[in-house]
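Engineer:
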């Protein structure tokens, strides 16, 4: 037990916890419904799962997506629209980019230390849910 505690990358985990805490605080201040909170939790868990997907799978699916000219055109249109949305909602894009970056940092640190993918998923989900809960609690008192 003590060796696991000593092996944890506390700096990157703290950054991820703080990032998710800010997300919980911002969403809590906007007074959303409980169903929206469930959607946010589901999106966070899906994002963590997507970031743990091996890049070989991503490469295989992206290659099959770009096989024909029609698919290539559709992907190009979708990419242009995504770029438009990123520029239009730049503040939201930066917030999402910060959350994804903190999650990737923890993933890289835990992989470097030899943790399995399922363990990394558990640590990231626990960190994310704890951060969201802390953000809600902090927003209630401030």
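Residue numbers (this note's numbering): 226 to 367. Beta carbons are placed, not taken as given, at the ideal position from N, Cα and C, and that holds for glycine. The structure presented is a predicted model; accordingly, all values stated were derived computationally and were not measured.
#1: Taking the C-alpha atoms as reference points, what is the distance between residue 304 and residue 349?
#2: Quick check on the DSSP output: what are the complete alpha helix (DSSP H) runs of length 4 or more inside the segment 226 to 284, in order along the chain?
#3: Classify residue 356 as helix, strand or coil using the three-state DSSP reduction.
#4: Quick one, which of 355, 365, 302 has its alpha-carbon nearest residue 244's?
#5: For residue 360, I'd like the list of residues in its chain whose CB is within less than 8 Å of its CB, leaving aside the five on either flank, ordered along the chain.
Structural biologist: The relevant details are as follows:
#1: Looking at the two C-alpha atoms, the distance is approximately 29 Å.
#2: Counting whole runs of 4 or more residues, the segment 226 to 284 contains the alpha helix (DSSP H) stretches 227 to 232, 235 to 254, 259 to 276.
#3: Here residue 356 carries a helix assignment [DSSP, helix/strand/coil].
#4: The closest CA to that of residue 244, considering only 355, 365, 302, is found on 355.
#5: The answer, listed in chain order, is 245, 246, 247, 248, 249, 250, 251, 252, 253.
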